[in-house]
Structure formats: structure tokens, C-alpha cells
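Residue numbers (my numbering), protein chains in the order written: chain Y, 3 to 643; chain S, 3 to 643. Written below as C-alpha cells is the structure these notes are about.
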């Protein structure tokens, strides 16, 4: 064995592979055809890919997903191992659990709220047992197939990809004139005409109806989340989460657009396609599905991500008057973008509404089912680029609001993103001592957006800060001190924190949070006023965004981020962008909805005309300068005070 | 200068080019951007590309297109010259005549008979002067274009090629939001639904309406004929005729299908595409049209040729039950076949009817306008694979008939194809001495199909042969002798022939001709009987096929090839395949007709059911065993006898 090569033997599969030294062990297992559960792909946060090193060495660090006892026994997270020597690896039962079961459970708990839709995927397979060509039945191959479709299924003369015709002579004769025809619901034009048709995209020998798969992808700025879908029964067979490789060219949209403008468009496209290809490899390997059984890809992302994926120049999104190249992107052959799928696989992009309201939001709205209800919904997407939507089955209005990065823990002294170790919830007792909950119950490392909201609400209720967000100088506690940036509250002391530093929240942090929540709340107010609706009129308030289900609703109302209405009206949509792409792949009706939503949406500019500045100023108190708007919070404050 | 390179200086253009030794001089001129008239591309038969070698050497032979005096002065046919040394070449005025004038004259004299059609090409350009994007008018680029099309021209939301969207941001801003949009009438599905729509295929900066060109191509087994069409005024700007390079793999369809079956499909496709690319180079260079102004290609060929061009496996055309892959071929991106045109150029294939009735025949019928008339037409295509069609605007029936290669001069002792030097017409006087006319008035080299018919008719009228085609043994002349294959008539004596051999017609030749003409005539009879029509019922009889206009109608009737009806009912369609592709590029109405014709056509099998054998036997006399069917011929025979 060369010094740069290592042989890995996987048990109990009894499979071997030779790889380069330094190869990731999970990748090696996938390449060897060994099934290991892995939800997060090498981010190390899901802990589902545990394996046991029976013999040989790997380079790996222990995360909180492994106990010391496990670590000592040779258990590792495959995704975090680099192969150092020849190995014998054992895959324990729990890492071999059928993904489809787990994935289905997940799907049940996901927050998608669209209901009552018919399972009717846009991709279909039709089995044809055709009569053999003979002197008395000598129509051409193409006609024979079309006539068979018409006679057997009542399918009219749908358009056909020429490549399908090219395959016909061999395919028809391979399995005694039994073939399976794949069709796709398409709409090549904008939705104004509500025009829907179908296209014949593939033909295969024999009966392949059992192999009917598609991919749903949420193309995020940071990560690409994908699901492998089975389209006969509507199952999620596998999930994958991979980093968007574009991150090498900047973490946010703005820096990517700048890079694209400087000639990097092709590179950015190649990057995100590489990430998608990695996700595909994981999905196919873990579900043991053949690549040539894929028929369709549905994607959603923000407007910039969608431009970069299909290779549209995004530069005018960034410069006045801030316009995309296209909101409706026609179906594209996925392989033409470099995606590693058969030629006939088309890629659908969720329609955008504007530069700042992308397909990801349309997907969220479809997933939430806002377009299905007669009653009004309010949709709030909290993140660096926030968005608010109001609507029902008849109309929709939307507004973008720049609420700043505070909700993502950015710009906050001890802020962090919502990963393991981030403080997500805080209670403060009468002695001003905190009780904290961290994500993954890991040692606290910082405060994520949800934690910031929770902490601020608790500080308000305990009287540490006033409604103006400033510290009450007459409160005394070892937890309160004056730091370099003014007053601060010590949430975790250095000896208890993962960083070995105090974790604090400063007056400045609170001010930033107030500005951010004011921006969101004012957007809700102004948009509601623009359509003459009260915030109490909404049947449901749908919450999207990164921190999703870890948000404490009660505390978000306490600080005045969310309106003070019945708590059961709030719904989390989860990763609505991914759910939306999955749902439109399960239901042609919802696919049609995706176009309707983008079309019916009226984008409202937040400005003086709809009293935005006024609403914003009024929201710069905790919870709000108008006490009547937050009766339950004011009542609680009175009781606390 | 390297020994393998030669420098050529063209006067009066004062242009120079350096080429490999051995390069064809016409190709060199085209590459240098020098305009030389050239109709036949290197076949040497048109004589339009005469140039004068002022200095240097070329390798070339003198054809009958050059007099000895011209040859001695250094005049050569550019297409027949290989460059041997550095050259100074002068292009005389007559070789610089504007091709469009000549081509238009040709077009007038071509036999296309479709009338009354509206000039309305399937490709159109729309100029848009769009408002610049601004904060108050901030729709996306795609919407701006679609809205502009709708507002300015009432164009609905036609589908669009994604690549057009990709070009938009740069193109819109290049010329201050003035753009030209190209659209194409398409029908992606079979014609049963008579569905026609349009697609947006290109967008260009500024006003490019003046550059709107298309290519019409007849893809023949031997040659590829192409025309460059201007689509604003409907002009033919240039013509080119090139050899179909597939000829290296066999002269006829059968050998090409065998080669394809043995794995040569890709090679055959590459060959014909190379021929088309050569034709394109000639067309664009001679008309000085930019390649990126091309928008559309229309092609017609027999079913095998159409399969080979687009890469459909032709093998089942040849084996029972003799079926094509497809009769209707969807629009294909021409560049995907290797044709050297911009990506947005689509290639249209004339629909086939069956394995033996190809798009070339459909094109002929459209060119002849049979589908436009209420009155009945009879269409006769005479060639190795003959075809007969009867129809009007309501219905059409067709039959293929294998009449053998006699009409192409093949299998005949001194037969030849209809090129210069072929005897095309013959009269025989009372002393049994002949008067001949050859093509191009060149020294006689052999007898082509038209000559064979004319000669046989003359032999019959002069009593040399009887109605059974056998020589009258009681006629005596030095022109009649018994050869190795029985009786023969000496048409040209060795000392007067270009071959320095006697040119004769034998009793066997006459027998083959009789069989061939009986096959055609019997097909006409059987097909007519199958639809209960008399041969005298046709308003017009359209003649297609290789020998076209050089056929002597009177003599063709005399031998019983054509029915004995009023002579003014006969019409020649010329190269109807090329005319057809041109006409559908000038008229969307006729484009639609092409699909209607192929759809309404009923293919009739010639067999006992329609008395084919009986009709064939009856036609084995000159003119026919039923004297009543040929009254004028019988009358003439009586007078002659």
C-alpha cells in the first residue's frame, strides 16, 4: 500500500475501499457504498454518523455529541474523521437506521401548514405495453408512443424533448415494446395566463414506475439543504445539509454580488453547483437510489442566490433602482448548469417577487399555505433581510425591512449564531440570578438571537432595564456592572462559560435589539395600515427565519417584537423554503400556487406614505410607546413592578 | 514563406491571404473575404467562378466551361484550382455579378406553384424602445421586455428561451434600453391539434431589424442545396450546392443505413453537417451576411436523410416493417447538431409521411401548392425511389413505387446522370438518322433518363422498335445492329462521341425503361383507382425528380410514362424540396401547410387490392395495352405507320 493510500474495511457490510490519506471517513463510506446516517454533512452537529474504529487511526476531535466513555471505546463521528492509516471500521446499528423512517418523522414535525392539497407530483411515469410494429401496424416509433399514451391514459399530444425521440428506437425494442414514459408539468410563460401544460421528458425500457425520485433544495447563503423525495408515495428518503461553497467569496449577498460584478459570476455558479452536487451524492448514497432515477429538481433561494445558481447577472440587485434580471425563471435543464443529473432533469426555481423578496419567501408562503385561506395571515421573516407579508387567497402585500443582523447574533458583544452552545432562553429570578438554556445543552459560548430576545424580556420584567432599554441605575447586583461600553449584565461568568470569558449583554446590545425589533414591528404596522387591517385581525401569524422554533413567543411579545395577540395564533414554518420546494414537488396544485403567490404579491415600499418612520419611533420602547397595543405585557409589567 | 504556405493576392479587391499549399482557390477567396460567384461549389459544372491567374501556378484541368483561348490566357475555374505557389489572382467583372440579382431571376423561373400566400415569415424581429429602469419603474428586466412587447405590439406572454433572459441585463443597458427581440413560430407537438404558438429566441442591443436572415436547405442523398434568405423583403441572396460528404460511405440510402447500423450514425451525421457548414460558409461569404444575423434553418430531405441529419437511428427504415423513428421531428437547436450558427437558431425538418415518403416529398407538394387547391392534382416524383401523390386541399393519398434506376441513367449500357454531355433529347428522321441535343451542348458522352425516354419514343415512332419494345427485324439501317446483348441502335458513332466509343441503346435498355415507366404509370393508375378518380380528372400533373425540366413531355406520353391528357396540365416543380423549405420560411401559413400535408396524407400500399400487378402488366407495352388510354399516341403511330 502506498504511503499516501489507506485501505478501509467496513463491518458488518464487509466492504473495502482504498482512499487517499486524509480523506474524510464519511465520504469514504459513501464512496464504498456503505450506509451511514448523516444529517448534517460534516458540520458535526447532528451526531447521527457515529462509527467505531476497530483498528487503525483517524484524526478527529470530540464534540459534545460523544461522551468521554464513547470516545474512549473508539466511537467517532464519521463526518469529523480524517483517515490516517488503514482502518477497520464498524457501523453500529443506530447509525444504520433506515433514514426514511426518521425523515418521515421529521417531516411530520416540520411546520409546513399548507393543508388539503392533493398528492399529485408534477412528474409522472406512464407504463406503456405497446403493440409490436408489424407490416399491418407500421406507424413510426414516435407516433406509436403518443398513440399509446392517448389510448391508455387519455394523454393528449404533449410536446416532447427531441432527445426522447432519439432514444425511442433502442428503448422500444429493448424490452419487447414495454416502456415507461416520464412527463413533467410545465409552464414556460409567466402565470398571467394560468397556462399549464405537460412535456414528455424521458422514455425508459420496461416498467420503471417504481423509480421516481426528485430533489428539493433550499439554496441558502450559508448552507444548501436538500431532500431526496420519492414521488410514488410522497416520502422524504434522505436529507443533506452542506455548506454553500460560495462562502469562500464572502458570507453575505452583498459581497457575493460584488465578487460577481468583478467577473466572478461563473465561479460563484460553479461553487453553489458543487455544493448541490455534494448534497446529491450524500442523498443518493444514503438512500441507495440510482442517479438515473432522478426526474426533477425544485429549488428556492433568495433572489441573489437564485440568480447565481442559474447564472443570471445579479449586479443590478445591488445598485439603484435595485432590480433583478427576472422574477420568473423558466425551467432549465439542470445538467446545463453543471448539476450531476441525467440530461432530462429540469430545474424549477421558485419565483421571486423583487430583489429583496426572493423565491425563498414565496416558498415559505406556499409552505405556510397563506394562499389557501380566505382569512388573513401575517407572515414575518426575521433575519438580516427581514420581510413581512399580509395576505389570503385573494391578495397579498409584502414589504422588506432591514432589521440589521442582531437577530442572528451579529454586532452583539457576545452574540453568536444559533448553534450548539448558544444561549437560547433565559429566566432571571428575584435576586437577578439567571437560569439559562443552551442549544444542545452544551456549555454556554454566547447569545443567539432568540437568547437575546429572551434575556432582554427577562431584564425588563425583573426591572434591570426600563422600557427605554436603559439600565435602572438603582438596581444593585453583582451581575450588573459598568463596562467599557456602559452598563452590562453578566449572564454567564467566565468560570462557567465555554469561552472562559464572561458572557454579558450591554446597554448597546439592547439598543441594537430594540432598533431591530422596532424595524420588524413597524413594518407589520405600516403594512397592515396600508391595507387597513388591524394586527389583531390575523387568523394566524407565521414566523420564519433562522431561529425558528427556538424563539420564546411570550418573550418576543414582551419586548414588542411580535404583536400582543392570542398566543395560539403564532405558527412556526420551520425551513419553509425547503418545505415549499418539497410541497410543490408533491403537488402540482401547490406548484401552481407558487406562481400565483409571486404574481399576486404587491411589493410595498416602507416610507412616510405608510407612516413607517412614525411606527418605527413608536416601537423604540419596550414593548411600545402605545400601551394599548400591548395590554398583556403592560399588565405583567405592572404586576412585576 | 514556408514551403507549405502560399500567399495569394486578390485583385481588384487588393486583399491577401496565406493558405496551405494545395488549398482550393475558391475556399481561399471565401476565407479572404473576396466575392466570387460560385453556384455549384467545386463541382465545376456552373462555370460562374472564372478568375484569371496573373502570376504563379495552380493545378487545374480545363472543363468545357473554359475555351482553349480562355485557358491559354490564364483563366481558370476557381473551384477547380489547387494553389501550388504564391499567386496574384484577378477576379473579372462577370465573376463579381451581384448574386442576389441572379438568384432572384432564378427564383422567378423556379417551378414552385404555391400561390396567394401571404409573406409572413415564422421568424420576426420586434424593436423595443423601453423606458429606463428607475425607482418609480423598477420592474425586473424580463418583465420590462415582456411588457414592452405587449404594450407596443400586442404580443402576449410567449415562452422564452432561458438564454435570452441571461443576455438581458447587458443587452438592455448597452444601447440605452433599445433592443430588438427575435421570435419564432413554433409547434412543439404533432399537428392534430393545429396548435401554433411563438417563442422568444433572441434579444439584441439596438435596432437589428435590418439583419434578418434564414437558410433553406434541401438535404439530398448526393448533394446539399442551400439558399440564404432575407426575411424582410423575401429575397434569395445566395445559393450554394455542395456534395453531401456522406457519399464517402455509399452513394445510396441503403448503403448509408447499413453503415449507420454498423456504428456509423454519428459519422454520417457529422458528414452531412460538414456539408451544410460548407454551404453556409459559401452563402454568408458571397452575400456578405454576418453569421450572427442568422435566425432559422428549414430543411427537407428524404426520410433517411432527415434521420441522419438529426441523429435518429435509421436502421428500422430498412428492415421489416420498414418504419421511421419519427415523421414529425420537433424543432432542434441547430448548433446542438454541430451546425455553425448562433445558439438560438432552430432547425425545422419537413415532416415525413413514411419510410419511403420523406420530407422532401412533403416539401415538393407544399411548393407545388397541391394543398391549396380544391381541384385535384397528380404529383409524380420520378427517380430511384419514385412516388405518386393524388390530392387537393381536403385529402391526399400517396404511394411509393420502386421504378428502378433507369431514369437516372443507371443500369443502362451507355446511361449517365443528367450532367453536361448527357444526351437529353433525340429526334430520328425518316432515314433513321438521329438528331441529338446534349446538356450544355457538350460533346455527347452518354444518355440520361430524359434522353432515354426521348430516344425510345423516337425509335417507336420511326418504327425501329415495336410497341413491345423489340426491334423490328425488317427495318434496315447502318444504325441498327446486333450487339452482344441483342439488337441495338447506334445513336452516336465513336468518332463523334466524347468517349470515343459508340453510344448505343440496346433492346435490354428499352426493356428496363419499359419496366420503369410501367411501374410509375401503374402506380398512377392504381392510386387513382383506389380513390375512384380518372387520370383525365386532374387539373394539373406535377412532375418532380432529377431530370425535371429537361424532360420532353410529348415523348414521355408517347412511351406511356405520363398519361395522354392535355399537355398544358403538366407542370415542373423544379427542386421542389428546396423551394418548399424556402416557401415555409417566407410564409407561416405554408409552414402550417407542411404539417397539414404530412398529416392528411394516407399512404397506400400498392398491391393486388388496388390491381397494381394488373396495371403494371397492362403498361408493359409502348405506350400501353389499352389503346383507348393513349388516343393521341395511337393516332400518331397510325399516321407514322
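Every residue gets a Cβ at the ideal spot worked out from N, C-alpha and C, and that includes glycine.
In the three-state scheme derived from DSSP, where H, G and I count as helix and E and B as strand, residue 11 (chain Y) is classed as strand. From the beta-carbon of residue 315 (chain S), the residues of chain Y found nearer than 9 Å are 168, 170, 171 and 172.
Proximity to residue 411 (chain Y) across Y:288, Y:425 and Y:398 peaks at Y:425, based on C-alpha coordinates. In terms of Cα proximity to residue 16 (chain Y), the closest of Y:59, Y:89, Y:70 and Y:618 is Y:89. Annotation: residue 32 (chain Y) to residue 226 (chain Y) spans about 19 Å, alpha carbon to alpha carbon. Among the bridge pairs identified by DSSP, residue 574 (chain Y) is matched with Y:545. Here the alpha carbons of residue 230 (chain S) and residue 220 (chain S) stand approximately 12 Å from one another. The shortest CA-to-CA distance from residue 642 (chain S) to any of S:502, S:461, S:203 and S:540 is the one to S:461. Close partners of residue 143 (chain S) in chain Y (Cβ separation under 8 Å): 318, 325, 326, 327 and 328. By the criterion of a C-beta distance shorter than 8 Å, residue 573 (chain Y) is surrounded in its chain by 113, 115, 370, 542, 543, 544 and 545, once the five residues flanking it on both sides are discounted. Below the 7 Å Cβ cutoff, chain Y contributes 322 and 323 as neighbours of residue 137 (chain S), in chain order.
The beta-carbon of residue 140 (chain Y) is placed less than 7 Å from the nearest beta-carbon of chain S. Taking 8 Å as the upper bound for CB-CB distance, residue 317 (chain Y) and residue 238 (chain Y) are not in contact here, some 37 Å apart. Contact between the segment 331-346 of chain S and the segment 367-382 of chain S is absent: fewer than 3 CB-CB pairs across the two stretches fall below 8 Å. With a 10 Å radius around the Cβ and a threshold of 16 neighbouring Cβ atoms, residue 538 (chain S) comes out exposed. Nearest neighbour of residue 497 (chain Y) by Cα position, chosen from Y:277, Y:445, Y:524 and Y:519, turns out to be Y:445. Secondary structure at residue 348 (chain S): strand, using DSSP grouped into helix, strand and coil. Relative to residue 392 (chain Y), the option among Y:73, Y:69, Y:604 and Y:250 whose CA is nearest is Y:604.
Residue 555 (chain Y) sits away from residue 452 (chain Y), with the two beta carbons spaced by 7 Å or more. Taking residue 540 (chain S) as the centre and dropping the five residues before and after it, the same chain places the C-beta of 378, 379, 380 and 571 closer than 7 Å to its C-beta, in chain order. Between residue 122 (chain S) and residue 589 (chain S), the C-beta spacing is below 7 Å. DSSP places residue 306 (chain S) in the uninterrupted alpha helix (DSSP H) bounded by 305-312.
C-alpha of residue 159 (chain S) to C-alpha of residue 271 (chain Y): approximately 28 Å in a straight line. For residue 38 (chain Y), the secondary structure class from DSSP, reduced to helix, strand or coil, is coil. Nearest to residue 356 (chain Y) by alpha-carbon distance, out of Y:383, Y:366, Y:342 and Y:327, is Y:327. Listed along chain Y are 164, each with a C-beta nearer than 7 Å to that of residue 334 (chain S). In the three-state reduction of the DSSP assignment, residue 436 (chain S) falls in the strand class. Counting along the chain, residue 617 (chain Y) sits inside no beta strand (DSSP E); it lies in the alpha helix (DSSP H) bounded by residues 614-620. Annotation for residue 451 (chain S): the continuous alpha helix (DSSP H) segment containing it runs 451-463. Rounded to whole angstroms, the separation of the alpha carbons of residue 359 (chain S) and residue 141 (chain Y) is 13 Å. Here DSSP, grouped into helix, strand and coil, assigns residue 176 (chain S) to helix. Closest in C-alpha terms to residue 489 (chain Y), from the list Y:499, Y:495, Y:502 and Y:512, comes Y:512. For residue 331 (chain Y), the CB contacts under 7 Å within the same chain, skipping 5 residues up- and downstream, are 308, 312 and 351 in chain order. Secondary structure note for residue 400 (chain Y): its beta strand (DSSP E) is the uninterrupted segment 398-404. Counting the other CB atoms within 10 Å of its CB gives residue 50 (chain Y) a total of 16 or more, which places it among the buried residues. The Cβ neighbour count for residue 475 (chain Y), taken over all protein chains shown within 10 Å, is under 16; the residue is labelled exposed.
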